[in-house]
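Novice: Residue numbers for the sequence shown follow this note's numbering, so the first one is 1265 and each next one is one higher.
All residues carry an ideal CB built from backbone N, CA and C; glycine is no exception.
Got a structure for you, questions after.
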Amino acid sequence: MASGRVTTATTASADAWANPTSVMAGLLTVAATAFLGAVFLTADARRYDAWDLVGYFRLRVWGSLLGIVVLALVGLGVTRPHTSYVYHGLTHGAGSPWCWPRR
């Protein structure tokens, strides 16, 4: 919907939903889910004193975090030509880390 290809009157089809913005949002969702799963599994392994699994899942946490960062940066490049108002909101609006209040 953010790219403007889909409205309330659009019929469901792969052509309408298969665009770069939708694909990037889906990939970011999968990476964020993997990150959260690894974080929770690390905490569970620590709670049950399974220290070999703590290291195993901690490695997955860092790998999925790296994947999120890479996908987010690629996603900024994808949103610029396809959804310029979303890109502007992420880089110039309240979503920009440079606009956060400094204390």
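1. Rounded to whole angstroms, what is the Cα-Cα separation between residue 1349 and residue 1336?
2. So, are the CB atoms of residue 1299 and residue 1309 less than 8 Å apart?
3. On the criterion of 16 or more Cβ atoms from any shown chain inside 10 Å, does residue 1261 qualify as buried, or is it exposed?
4. If residue 1284 and residue 1342 are in contact, beta carbons under 8 Å, what's the gap, nearest whole angstrom?
5. Between which two residues does the alpha helix (DSSP H) carrying residue 1328 extend?
6. First and last residue of the alpha helix (DSSP H) that includes residue 1293?
Specialist: Inspection of the coordinates gives the following:
1. For the purposes of this step, residue 1349 is identified with residue 85 of the sequence shown, where counting begins at 1. For the purposes of this step, residue 1336 is identified with residue 72 of the sequence shown, where counting begins at 1. Cα-Cα distance, rounded: 16 Å.
2. Against the sequence shown, residue 1299 aligns to sequence position 35. Against the sequence shown, residue 1309 aligns to sequence position 45. Taking 8 Å as the Cβ cut-off, residue 1299 and residue 1309 do not qualify as a contacting pair.
3. Missing from the structure shown is residue 1261; the chain here goes from 1265 to 1367 and no further.
4. For the purposes of this step, residue 1284 is taken as the residue at position 20 of the sequence shown. For the purposes of this step, residue 1342 is taken as the residue at position 78 of the sequence shown. About 5 Å separates the two Cβ atoms, so the contact holds.
5. To locate residue 1328, count along the sequence shown from 1; it is residue 64. Looking at the DSSP string, the run of the alpha helix (DSSP H) that includes residue 1328 is 1315-1346.
6. Counted from its first residue, the sequence shown places residue 1293 at position 29. That run of the alpha helix (DSSP H) goes 1284-1311.
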